[in-house]
Amino acid sequence: MARITVVEDDPTIGGGLSATLRVLGHDSHWCPDGATALAHTAPDPADLLLVDLGLPDIDGFELCRLLRVRAPDSVIVVLTARTGEMDVVQALECGADDYLTKPIRIVELQARVTAHLRRFAPGAPSTSARIGLGALVVDRPARRCIGPQGEIALRPREFDLLVRLAVRPGQAVSREDLMNDVWDENWFGSTKTLDVHVAALRRKLGDQLRITTLRQFGYRLEVPVAPAAT
């Protein structure tokens, strides 16, 4: 069972989603506006937040930014009737991990929630390896990426994406494999989510690692080359 907060001003949609999530076995709470969501999140953030963009008091994008600061480890999924690509990109860049387009199909909602919350499952498999990438160390058990200047703060999906590329550095990985392994094999949405997360990784890793885009295929994490001995 996961704790899920639904932020939606329409009582029919918000109440319905919350009730559906409870039927699916989750502890669900409905907030009708952004202020209520912030107050509810402050003492004990939920595992996952479903956030509508069209709220009466706070812009949905701004709410995502605020929630990301208050709940850095929570999964944020945007609910939107907007289908424009730039709206999707802006939502992801504001801190959302994913987005769902209204009207929401229950089967899609269940698949997305299950995929995002898999890392909270008590029986989830753990890993025990550290991956060395030049001056970086990817500590899988601790879910930390450590560089020469200290730890690099990565969001959960960013870390998972880095690990997926890092286990086979120098090898090409297709978009389909990345989406299947990092998100879910039953993914319904656009792979624009992948592009935004790769862009975020590039910004945070700087010149310490390079992720090469392979047009019409996927990505490759370049192997750092050690300087020659003199």
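0 is the number of the first residue of the sequence shown in numbering that gives the first Met the number 0; add one for each residue after it.
The beta carbon of each residue, even a glycine, is placed where N, CA and C say it ideally should be.
- Residue environment analysis places residue 31 among the buried positions, since at least 16 neighbouring C-beta atoms fall within 10 angstroms of its C-beta.
- Taking 8 Å as the upper bound for CB-CB distance, residue 221 and residue 169 are in contact here, some 7 Å apart.
- Residue pairing by DSSP places residue 7 in no beta bridge whatsoever.
- Per DSSP, residue 209 lies in no alpha helix (DSSP H) segment and is marked neither H nor E.
- Our two residues, residue 95 and residue 75, have alpha carbons roughly 5 Å apart in a direct line.
- The count of Cβ pairs closer than 8 Å, one atom from the segment 6-14 and one from the segment 37-53, reaches three, so the stretches are in contact.
- In the displayed model, residue 221 falls within coil according to three-state DSSP, outside both helix and strand.
- Taking 9 Å as the cut-off, the Cβ atoms of residue 78 and residue 103 count as close.
- Cβ contact annotation for residue 160 (same chain, cutoff 6 Å, sequence separation greater than five): 181 and 196, in chain order.
- Within the same chain, Cβ atoms closer than 6 Å to the Cβ of residue 49 are found at 5, 76 and 78, the five residues on either side in sequence being excluded.
- Between residue 217 and residue 162, the gap from beta carbon to beta carbon reaches 9 Å or more.
- When the alpha-carbon of residue 143 is set against those of 42, 209, 89 and 72, the nearest one is in 72.
- Per the C-alpha coordinates, the member of 3, 215, 176 and 165 positioned closest to residue 209 is 165.
- Here residue 46 is buried: its Cβ has 16 or more other Cβ atoms, across all protein chains shown, within 10 Å.
- Taken in chain order, the whole beta strand (DSSP E) runs of length 3 or more contained in the segment 13-78 are 26-30 and 47-51.
- With a threshold of 16 other beta carbon atoms within 10 Å, residue 157 meets it and is buried.
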